[in-house]
Amino acid sequence: MNLSTSYLGLKLEHPIVPSASPLSKNLDSIQQLEDAGASAVVMYSLFEEQISLEGQALDFYLNHGSESFPEALSYLPDLQQYNISPDAYLELLTAAKRATRIPIIASLNGVTTGGWIEHARLIEQAGADALELNVYTLPGDINLSGKDIEDRLLEIVREVRGSVSLPLAVKLSPFYSALPNLAMQLSSAGADALVLFNRFYQPDIDLELLEAVPALQLSTSEELRLRLRWVAMLHGRVPLDLAITGGVHTHQDVLKALMSGAKVSFVASEFLQHGIKRLRQMVSETQTWLEAHGYSNLESCIGSLSHRHLTDPSAYERANYLKVLDSWQGVTARV
Amino acid sequence: MKQRGRVTMEGSEAVASIAFKASEVIAIYPITPSSGMGELADQWASEGKKNLWGSVPMVAEMQSEGGAAGALHGALQTGSLCTTFTASQGLLLMIPNMYKIAGELTATVFHIAARSLAAQGLSIFGDHSDVMAARSTGWGMLFGGSVQEAHDLAMVAHAATLEARVPFMHVLDGFRTTHEINKIEPLEESDIRVMLSDHLVRQHRARGLTPDRPMIRGTAQNPDVYFQARETVNPFYAALPGVVQSTMERLAVLTGRHYHLFDYIGAIDAERVVVVMGSAGETLEETVKALQARGEKVGVVRVRLFRPFSVQHLIAALPPTVQQIAVLDRTKEPGGAGEPLYQDVVTAVMEGMRNFNTMPQVIGGRYGLSSKEFTPAMAKAVFDELKKPNPKNHFTIGINDDVSHTSLEVDTAFNLEPADQVRAVFYGLGSDGTVGANKNSVKIIGEQTELFAQGYFVYDSKKSGSRTVSHLRFGAQAIHAPYLIEHANFVAVHQWGFLERIDVLQVAQAGATLLLNSRFAPEALWDELPLPVQQAILEKQLKVFTIDGDKVALETGMGNRVNTIMQTCFFALSNVLPKDQAILQIKKSIEKTYGKRGAAVVSKNYAAVDSALANLFEVSIPPYSSSQKHLLPSVSSGAPLFVEHVLGEMIAGRGDLLPVSAMPIDGTYPSGSARFEKRCIADEVPVWESDLCIQCGKCVLVCPHAVIRAKVYEPNLLENAPKDFKSAGAMWKEFPDRKYTLQVSVEDCTGCQLCVEACPAKDKSNASRKAINMAGVQPLLEAERQNWDFFLSLPELLEQRQPLHFNNVKNVQLLEPLFEFSGACAGCGETPYLKLLSQLFGDRAVIANATGCSSIYGGNLPTTPWSFNKHGRGPAWSNSLFEDNAEYGLGMRFTLDQQGKYARDLLGRLRDQIGAPLVDELLNANQDSFEEIEAQRARVDTLKAKLETVKLETLHGAEVQDLQSLADALTQKSVWIVGGDGWAYDIGYGGLDHVLASGANVNILVLDTEVYSNTGGQASKSTPLGAVAKFASGGKAQPRKNLAQLAIEYGSVYVAQVAMGGNDAQTIKAFQEAESYPGVSMIVAYSHCIAHGIDMTKGMNQQKLAVLSGHYPLYRFDPRLEKPMQLDSKAPSIPLRDYRQNEMRFKVLMQSNPEAAEVFLHDAQKAVQSRWQELERLAAVSHPHETAISADD
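Chains as they are written, first to last, in this note's numbering: chain A, 6 to 340; chain B, 37 to 1229.
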């Protein structure tokens, strides 16, 4: 059967898309993703803050100790260029567009409003098919309210929307207090799709050293359920394409994502762990399952188990929480 | 002649730009102050810039200047156009090849940044000692006196050498000309093409050796013909002056700038004439013009071509009316009839006497050694001397020689500073960016306006907290003033602390503007100024402005760099440019300088510029001074007289005023003087939390400046402790009832934070609080000063006669360091090793120290960190050269062995007089521990006392006296040969190898920073694959030499590879074992370094990563063991990338050329694995005992 789907107005051969990860860091691996059957590629994120910090670090270390001691007026040669700019990203984007036939979706994480706008424009000029705004912030400021944070997000989307005509997806974290309302507002601000949810690398604590240490942990299918719930809650209620990222590892995960209402599933950890060959397997297994279960096309599957299509919508709501607790009480009692 | 543009550039660039265009092969080796020229050539080659013939010159870094000269000799003999850049000892190492190159009539030019030679002490500064030592090599010698002249005469040298077939030294004054920025009219490529004849180039090429036209060159000659063959070159030397003059004239046709072999400037009927070479010629020329305007009949001859010395041209240049001639030499030739130029002029005047109306009187004098200032007032003093009926011959000028009374009096009121010139002096810190901003201002004004601009920069000799003084001149007239500003109309003090320590306003002229960077509000500032500053402001009627530059810098993200902020204020106040135009130009220049470092760097600098003027305020000056504050003393109280009156004057910036009599006659200085130079350079210092401390000693071990110390002592000693003095119960089973104190000398601390990083003890309820934490210094200063003094009064461990094994960090912390408070970089990775050496063996160590960072922070005046204990014992330290250090140390061992042997022999001969028991004890004593050595010292004291009682008239009188003078040789001494990787891997490797093979009981410590740190980060053979360094700006393409492995190959050498941050216990063990090994020992010690581009607070952590990644595996190879190889680190457990990504030397390539960086990383990772396998294989091998050699064999 035909697995084709559309996302952000782009026609995709199937709903499994490699998401922003090291797999899209160079042209070779992007081409390998295409060869492995990817229907589109989300490039790794262009981080405005990282560019800024790298530039400042370079500046600091080139200056450090210089012009202080007459025999050593500097310690490192000042090279002709350092690629402290989005240039390398944009060049890769252009090259990827030239070298592949699949849609290339760029990903951007800005800091300043000017940075979001400027980089979005550059990405559009470089030939991206769509842009995913990777709004990755940790609002640690005690003076910032939830509304402040949402307003800032909406402002970014509005500003970018006003600057580029690219299809626009917004990748969110799960920590917004009123996601459906926010989704509506994002749609009004000009977003075309929501990608749920960003995964934060949570630091760990080293008990011996008494230190917080950075820890990179790949996702597991366990993480899918949070995403399934919220996609199901939003499907059909907001005029946005929905996509799931985080926790998609198997064809079953893909099917669940589709049924909850996601038009595409983004996959990274699975490919990092088991290789890009998994992509074709997952596509084929998805197809086999759908065919075996009598689905004639993908459309009929998408959102089939979303909140509004469920006989018992409370499964996605608070009652669900209560049921889970009940079941655990049962377990405890048996022990 | 076409209209030419003007460019503002340093002398180094002015010379290198010609040399690069005119050369095919450039072999170089870094040496101050010529390194900048070589670095530019390397940079241009890596950027693909081409020479005149359209190819990129081959630029090769060699292992020494001797190597560079050898390579050039080979390249020349095979027909290439070659050049190099060198100075000082580097030139001396080239001399053997220079004789050959000249003897073979080979065209080439070596550009020399003329510098002092190491004699009673090393100096990196400028004079002509080096080139004068090479004057007999048969090379032409051309001297330029300014940036423009150096540029032009570099061209003349390259052109003339091809025509004349005589090689040239093109000489410019080190620092004064190499490092001065001035506005010049550069030659264009078309000019260079006209100057260099392709025909002559082809002739040069055709003389090259080739098997297609085989011939031999370099024969050995016999008494029958050598002499005649030596005389064949005479016609070439006879023709050379004419060739040079005609080349100068060709240049003049192109540029309008006329040079002569001897340029005369002055009255046509001059009676008094000075003859001089180099930059002082500029000063004399200006002085002559001023004196002439006053009607004096004076003139100056500026010597351009010194070799060959053309008597005929000199005589023609001198006016026939001349009656007195003074010849100024910038060198000293002790024992000569006079200095070289003087002798040549005397000869010339004799030979040309019939050209003069009356036979002139010629006197000679020395000036300007080691960049000593030569001012118009000094120039005038020389002319004044010539007026006297009996002018002083062999005089000195610029110093006060109260020993031999050679010096001339100078009228310091005489100056030539024009009224319409802006003269600005800036006092800054190296770290605040002042010099960079000022260089930038000179460029802006020089290139964006019609004004002329000059910049010259003075640095102190410390690598941390160093002070810089910038001297900038701007004016409508060309600036010929190669001396420091003495009458500034603008003075800026970028660090408040300078006002309290040095007389910054001495240079201010009446009515000058004073700009201060101060945290005080404008209305509160006056009361904070020290009294002498207030008085100078009032007396000189200075206009004072202030800005809280630190605050603006912090707010705009500039950190501690106040440079662009103060630069903007300078432009606003000096009116050199209209304010708006100035700001526009500063911003343009920011974009140009920082653009490639990213938009964020540019925008924060813009923000700093924009915020500066809003924060700049004028200070209203009351009519009287009121301050109670005085300048701080330059040394702390209790300093010995020599430290106070001699070294203290140097510290205060008054060293120029010290007379000859104040100087030690043979370069011998007292050690232990750094402790009196309280620099107070840290804003934050470590504070000890006695309740959390586990007394592990790690902070003491890693402290690069020995400012953190620990003692255990009897509790009753706390009776007189200051009230804030901290202590805790000692955690040693050997010291059950004693107290422990960890004390910080806050006035000596550099604030590097290595201690805090090393501290493993954390507050269990607040993990951010360690047993040692940084805190602002100001509130602590007074109490900690008292605490430190009290701490010093507590007895050292060894005085307490408590036996303890010093094989672990915890115990070693209690040993007194005899290396303290050096001027090394904050967070230096080398000095902790030296301090450890001084703790373990300092009281019996003799140290030979190769030139490099360790000889500079170890031995650069004014003060020295090498110290001594209460018994007066401590390391005896000396630096010979860069290249000979292993041999130097071996020579020390020879002496100790020889003296020890003779002393033991004498003991035998005097057995009856001394008494057999004492003799036997002395001869057979073990000296393996502190206690045993102390016991031997006691025996030696007994011996000395006994010898006093022996009558000298006896048969054995002479032997008794000899034994008295050698008795100390009976106590064991520890010879340490110390140096960096530039020495051990490169320039000194031949000697090091010989010493490794010698079997002598010496210990070698290689402080391995994997780069030439002292000269500014040039690649050495220790530089790792893929690391970016100067002369390896595309990443070093070859793997690093495995020095330790090479030494292991001998089988008889104790070898350890250590990294204190990787395993501190192993480091201590290696030091102990190396010292105990009765043969050659070598420790190769990984030393993190500022040249790695790392966060220096994390230096020890980088060492750890170097070990974990396998980049720097730890091991000890002890030939005494059955299985000598002991691996002290585990198999590589983290990817090399994790270590490399924290270091800018690697990361910069990831940013500029990621593909190449990946390839290097991949290859380096592979090499790590295979090296580890090889180490594991070695660790499994039993030792072939017969190859082991010990000193006892």
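Glycine residues also receive a C-beta, built at the ideal position from the N, C-alpha and C atoms.
Proximal residues of chain A, C-beta to C-beta of residue i below 8 angstroms
i	result
E83(B)	Q85
Q1187(B)	E59, L63, Y87, N88 and I89
M45(B)	By Cβ distance, chain A contributes nothing, its closest Cβ being about 15 angstroms from M45(B), past 8 angstroms.
T1045(B)	Within 8 angstroms Cβ-Cβ: nothing; T1045(B) doesn't reach chain A, min ~10 angstroms.
Y65(B)	Per Cβ cutoff of 8 angstroms: no residues; Y65(B) is ~14 angstroms from chain A at best.
I160(B)	P75 and E76
R597(B)	N68
Unbroken alpha helix (DSSP H) run spanning residue i, endpoints
i	result
W562(B)	P558 to E564
M45(B)	Element bounds for M45(B): not the alpha helix (DSSP H) but the beta strand (DSSP E), V43 to E46.
E199(B)	V183 to A200
G251(A)	Where G251(A) is concerned, there is no enclosing alpha helix (DSSP H), given that its DSSP letter is neither H nor E.
Chain A contact residues for residue i, given Cβ-Cβ distances below 7 angstroms
i	result
I1126(B)	H69, G70 and Y80
S467(B)	S73
K1066(B)	P82
S1069(B)	P82 and L84
Y495(B)	S73, F74 and P75
Span separating the alpha-carbon of residue i from that of residue j
i	j	result
E483(B)	K219(B)	8 angstroms
F653(B)	I217(B)	31 angstroms
S443(B)	G400(B)	12 angstroms
R1213(B)	F1153(B)	13 angstroms
T225(A)	F1067(B)	49 angstroms
R459(B)	A190(B)	30 angstroms
A77(A)	L917(B)	19 angstroms
A170(B)	N391(B)	31 angstroms
K579(B)	G74(B)	44 angstroms
N896(B)	L223(B)	40 angstroms
A297(A)	R232(A)	26 angstroms
N1178(B)	L1185(B)	12 angstroms
Limits of the beta strand (DSSP E) - the one that residue i falls within
i	result
G126(B)	Counting along the chain, G126(B) falls outside any beta strand (DSSP E), though it belongs to the alpha helix (DSSP H) covering S124 to G139.
H279(A)	Careful: H279(A) lies outside any beta strand (DSSP E), inside the alpha helix (DSSP H) at S274 to H279.
Neighbouring residues, chain A, relative to residue i (Cβ below 9 angstroms)
i	result
V68(B)	With the sequence shown as reference, residue 68(B) is identified as Thr, and Val is not the correct amino acid for it. Going along chain A in sequence order, the residues near T68(B) (Cβ under 9 angstroms) are P75, E76 and A77.
G1053(B)	A77, S79, Y80, L81 and P82
T504(B)	E72 and S73
V1184(B)	L63, Y66, L67, L81, P82, L84 and Y87
K499(B)	G70, S73, F74 and A77
Contact belief for residue i with residue j at Cβ below 8 angstroms, rounded distance in angstroms
i	j	result
L76(B)	K57(B)	Wrong, their Cβ atoms sit about 12 angstroms apart, outside the cutoff.
I397(A)	L138(A)	Any answer about residue 397(A) is impossible in this case: the structure gives chain A only from 6 up to 340.
V1143(B)	G1098(B)	3 angstroms
D163(B)	G404(B)	6 angstroms
I67(B)	E101(B)	7 angstroms
Proximal chain B residues relative to residue i, where beta-carbon distance stays under 7 angstroms
i	result
Y66(A)	G1129 and M1180
Neighbouring residues, chain B, relative to residue i (Cβ below 8 angstroms)
i	result
L215(A)	K798, K800 and A803
Contact set between residue i and chain B, taken where Cβ atoms lie within less than 9 angstroms
i	result
I56(A)	G634, A635 and A636
heavy atom of the ligand MN below 6 angstroms from residue i C-beta
i	result
K423(B)	Absent from the structure shown: the ligand MN. Ligands present: none.
4-residue-minimum alpha helix (DSSP H) runs that sit fully inside the segment 1118 to 1198 of chain B, ordered along the chain | 1135 to 1144, 1172 to 1176 and 1180 to 1188
Segments assigned alpha helix (DSSP H), at least 4 residues, entirely inside the segment 154 to 214 of chain A = 184 to 194
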